[in-house]
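Student: Structure in structure tokens, see below.
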Ligand code: OXD
Ligand code: MN
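Residue numbers (the working numbering): 132 to 733.
What follows is the structure, encoded as structure tokens:
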């Protein structure tokens, strides 16, 4: 037997368990070298040069896009693979009926066989990272081992990495053990495994962000939601934004929408012309994840554990999101967009018209209008192509991103994409009713998602793919948090996607959404009346400020209308979903369902 002894840079830590684990994982994966990431600028430059030389990334036009790089993932590796994502708990009930489940012993064995020797000839990078400001009582530390420089460079943007995290961790701090290898990028040998009981994540066979930037969905939502349940806080798939009034007072809201419903755009909203005279200003705290705790004042306080945005490129333009367009001008990694001849990038529904030629997300020469053998238009950028960009570059970024205690939350907003049924906005009757509203929220599938277009998919609190434990216990946890909160945020539901009978959107969206946020905040301050309906409070048409927006009275009426017939069907569909959760579903959720059903039938 050969003695395995890879070259290793010297770690500056006294954390024996961390060093033991790194060695153990290295002896499984067998990298040629182990490099401890210190987070320095010199290191960044060295890694960029190495990745460019290896063809892992392309340096973009440095005059037009300074500090920017381009990366393409494998063609079969362009989105999160929910069917290969597992929660591995000793008991199946731990994962619950909405998660894929595997016994930890079996999961380690199966993935272990994929990891075995997977890093031969490669370097294993050790990335200490902090989700949340380093040292904040909200924050959590992880260490990711990976054989991908792309992952290191992305983690550098999305999280706080390097020596400062090791220093904070000290000789025996807790951390999440995150192991990733691209291995052969073989979808047959791809697994994204979470072991909440061991505070461990194993991801193998993928190079796509959502599967491999383990601080994001894996730690900050799946593992964190489990830890949050144990420790009495909330880890949520929510944006956080501040709305500043002319007198300087800022109110913060947190909002949950399923993936690809415009969280990034809402978080960076620019007030529309009609409302500008009121002098509102929007502050972006986060666009994807909120960690929320009850503070000593009895209110709910939130941080965004990330330090970057991993946003969808197609559809991002100066109308939908001018702040994002400003943010991605430098120091950004573009993944799976179209590469132009001048080494800049392009995507569908961006600002520029299509270039006459380029290299598409599959690495093939591309011309606008080109079709595949089925006669379908070939897209230059993959619909889920992304930008990874530092939050600090966003013109609307809140300086409170770095505040250890975060921001106080006045309102929680749930939302989905519904052509019918759900009105533009409604307010729940109570925290418990709000939890039921979140528990039953739903969205129609778009062309960008796998499955039948238009089909309604229940996605409670937008956490269906991200809850690290039994969803029924998760609802109970929300109810318990409500019981402990002395200043409860009000809970609302919004739907920007309602259509008229001709299939046209009734609401213009974008910056105009501020008008709805304004109503929400007025409700939080008890400064405006509302109409009571069987599902909650809706705005009186005159209490929405529509200055400068050319919307007919008829359209406004349709936007807030509640169709009892549609709603009674909706209640049946909700019931089918809630039944999946079985006896574990908290009684209070059923009570809310029954009460609402009765109000609708009356
Ligand atoms: C994301 C997602 O990437 O929700 O944020 O899929
Ligand atoms: Mn998300």
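All C-beta atoms in this analysis are idealised placements derived from N, C-alpha and C, irrespective of residue type, glycine included. No experiment lies behind these values; they were computed from the predicted model shown.
If you follow the beta strand (DSSP E) that residue 413 is part of, which residue opens it and which one closes it?
Tutor: As a working note, residue 413 is residue 282 in the chain shown. Per DSSP, residue 413 belongs to the beta strand (DSSP E) from 412-417.
Student: Cβ atoms of residue 626 and residue 553: under 7 Å apart, would you say?
Tutor: Numbered from 1 along the chain shown, position 422 holds the residue referred to as residue 553. Numbered from 1 along the chain shown, position 495 holds the residue referred to as residue 626. Taking 7 Å as the Cβ cut-off, residue 553 and residue 626 qualify as a contacting pair.
Student: Closer than 6 Å to a non-hydrogen atom of the ligand MN - does that hold for the CB of residue 158?
Tutor: Residue 158 sits at position 27 when you count from the first residue of the chain shown. It does not: the Cβ of residue 158 is nowhere closer than 6 Å to a heavy atom of the ligand MN.
Student: Assess contact between the region 336-343 and the region 302-309, defined as three or more Cβ pairs (one per stretch) separated by less than 8 Å. Is contact present?
Tutor: Too few Cβ pairs lie closer than 8 Å, so no.
Student: I'd like to know whether the C-beta atoms of residue 353 and residue 569 end up nearer to each other than 7 Å.
Tutor: Within the chain shown, residue 353 is the residue found at index 222, counting from 1. Within the chain shown, residue 569 is the residue found at index 438, counting from 1. Cβ atoms of residue 353 and residue 569: not closer than 7 Å.
Student: Between residue 418 and the ligand MN, is there a pair consisting of the residue's CB and a ligand heavy atom that are separated by less than 6 Å?
Tutor: On the chain shown, residue 418 is found 287 positions in, with the first residue counted as 1. Incorrect: residue 418 has no Cβ contact closer than 6 Å to the ligand MN.
Student: In whole angstroms, give me the CA-to-CA distance for residue 662 and residue 671.
Tutor: Within the chain shown, numbered from 1, the residue matching residue 662 stands at position 531. Within the chain shown, numbered from 1, the residue matching residue 671 stands at position 540. Cα-Cα distance, rounded: 6 Å.
Student: If you drop the 5 nearest sequence neighbours on each side, which residues of the same chain put their C-beta closer than 6 Å to that of residue 392?
Tutor: Your numbering for residue 392 matches position 261 in the chain shown. So the list reads 548, once near-sequence residues are dropped.
Student: How about the region 290-300 and the region 183-199: do they share at least three Cβ pairs that are nearer than 8 Å?
Tutor: Not touching, per the Cβ criterion.
Student: Could one say the Cβ of residue 495 lies closer than 7 Å to chain C's Cβ atoms, at least one of them?
Tutor: Of the chains in the structure shown, none is chain C; there is only one protein chain.
Student: Quick one: using the 10 Å Cβ neighbour count with 16 as the cut-off for buried, is residue 134 buried or exposed?
Tutor: Taking the chain shown and counting its residues from 1, one reaches residue 134 at position 3. Residue 134 should be labelled exposed.
Student: With H, G and I counted as helix, E and B as strand and the rest as coil, what does DSSP make of residue 218?
Tutor: Stepping through the chain shown from its first residue, residue 218 is reached at position 87. It is a strand residue.
Student: Rounded to the nearest angstrom, how far is the Cβ of residue 421 from that of residue 516, given a contact under 8 Å?
Tutor: Stepping through the chain shown from its first residue, residue 421 is reached at position 290. Stepping through the chain shown from its first residue, residue 516 is reached at position 385. Rounded, the Cβ-Cβ distance is 25 Å, inconsistent with contact.
Student: Would you check if the region 226-245 and the region 253-264 touch, i.e. whether three or more CB-CB distances between them fall below 8 Å?
Tutor: No contact exists between the region 253-264 and the region 226-245.
Student: Helix, strand or coil for residue 239, going by three-state DSSP, please let me know.
Tutor: Counting from one through the chain shown, the residue named residue 239 turns up at place 108. In the structure shown, residue 239 sits in a helix (DSSP, three-state: H, G or I).
Student: Around the Cβ of residue 608, are there at least 16 other Cβ atoms within 10 angstroms (buried) or fewer (exposed)?
Tutor: Counting from one through the chain shown, the residue named residue 608 turns up at place 477. Its Cβ being crowded by 16 or more others within 10 Å, residue 608 is buried.
Student: With a cut-off of 8 Å on the beta carbons, I'd call residue 137 and residue 165 a contact; round off their distance for me.
Tutor: Working through the chain shown from its first residue, we reach residue 137 at position 6. Working through the chain shown from its first residue, we reach residue 165 at position 34. Residue 137 to residue 165, Cβ: 5 Å. Contact.
Student: Please go through the same chain and pick out, in chain order, the residues whose beta-carbon is closer than 7 Å to the beta-carbon of residue 404, but skip the five residues on each side of it.
Tutor: Along the chain shown, read from residue 1 onward, the residue named residue 404 stands at position 273. 679.
Student: In the DSSP output, what is residue 542 paired with across the bridge?
Tutor: Against the chain shown, residue 542 aligns to sequence position 411. 384, 621.
Student: So the alpha helix (DSSP H) residue 453 belongs to, where does it begin and stop?
Tutor: For the purposes of this step, residue 453 is taken as the residue at position 322 of the chain shown. Element bounds for residue 453: 453-458.
Student: Nearer than 6 Å: is that true of the beta carbon of residue 574 relative to any heavy atom of the ligand MN?
Tutor: If you number the chain shown from 1, residue 574 lands on position 443. It does not: the Cβ of residue 574 is nowhere closer than 6 Å to a heavy atom of the ligand MN.
Student: Identify every run of the beta strand (DSSP E) within the region 161-228, keeping only runs that are complete inside it and at least 3 residues long; order them along the chain.
Tutor: With a minimum length of 3 residues, the continuous beta strand (DSSP E) runs that stay inside the region 161-228 are 164-167, 200-202, 216-218.
Student: Less than 6 Å separating the Cβ of residue 346 from some heavy atom of the ligand OXD?
Tutor: Translated into the one-based positions of the chain shown, residue 346 becomes position 215. False, no ligand heavy atom lies under 6 Å from that Cβ.
Student: Just to confirm the assignment: which complete beta strand (DSSP E) runs, minimum length 3, are found wholly within the region 338-396?
Tutor: DSSP runs (the beta strand (DSSP E)) wholly in the region 338-396: 365-367, 369-375, 381-387.
Student: Tell me whether residue 150 sits in a helix, a strand or coil according to DSSP, three-state version.
Tutor: Counting from one through the chain shown, the residue named residue 150 turns up at place 19. Helix, per DSSP.
Student: For a test of your reading of the model: does the CB of residue 341 fall under 6 Å from any non-hydrogen atom of the ligand OXD? Yes or no.
Tutor: The residue you call residue 341 lines up with position 210 of the chain shown. Result yes, Cβ under 6 Å from the ligand OXD.
Student: I need the DSSP call for residue 462, collapsed to helix, strand or coil.
Tutor: Here residue 462 corresponds to residue number 331 of the chain shown, with the count starting at 1. In this structure, residue 462 counts as coil in the three-state DSSP scheme.
Student: Closer than 6 Å: is that where the CB of residue 674 sits relative to any heavy atom of the ligand MN?
Tutor: As a position in the chain shown, residue 674 is number 543, starting the count at 1. Residue 674 Cβ: outside cutoff for every heavy atom of the ligand MN.
Student: Report yes or no: do three or more beta-carbon pairs, one from the region 401-417 and one from the region 560-575, lie closer than 8 Å?
Tutor: No, they do not touch.
Student: Relative to the C-alpha of residue 146, which residue among 697, 356, 296 is closest?
Tutor: By 1-based counting over the chain shown, the position of residue 146 is 15. Checking every option, the nearest Cα to that of residue 146 belongs to 296.
Student: What do you get for residue 408, buried or exposed, if any count of 16 or more other CB atoms within 10 angstroms of its CB means buried?
Tutor: In the chain shown, the residue the question calls residue 408 occupies position 277. The residue is exposed, with fewer than 16 neighbouring Cβ atoms inside 10 Å.
Student: Three or more beta-carbon pairs under 8 Å between the region 476-486 and the region 420-439, yes or no?
Tutor: No contact exists between the region 476-486 and the region 420-439.
Student: Counting along the chain, where does the alpha helix (DSSP H) carrying residue 265 start and finish?
Tutor: The residue given as residue 265 occupies position 134 in the chain shown. That residue, residue 265, is in no alpha helix (DSSP H); it is neither H nor E in DSSP.
Student: Report buried or exposed for residue 722, applying the criterion of at least 16 other Cβ atoms within 10 angstroms of its Cβ.
Tutor: Taking the chain shown and counting its residues from 1, the one referred to as residue 722 is at position 591. Classification of residue 722: exposed, given that the 10 Å Cβ count is below 16.
Student: Please give the ranges of any beta strand (DSSP E) in the region 599-650, keeping only runs that are unbroken, at least 3 residues long and fully inside the region.
Tutor: With a minimum length of 3 residues, the continuous beta strand (DSSP E) runs that stay inside the region 599-650 are 621-625.
Student: Is it true that the CB of residue 645 sits closer than 7 Å to the CB of residue 400?
Tutor: Locating residue 400 in the chain shown gives position 269, counting from the first residue. Locating residue 645 in the chain shown gives position 514, counting from the first residue. Yes, the Cβ-Cβ distance between residue 400 and residue 645 is below 7 Å.
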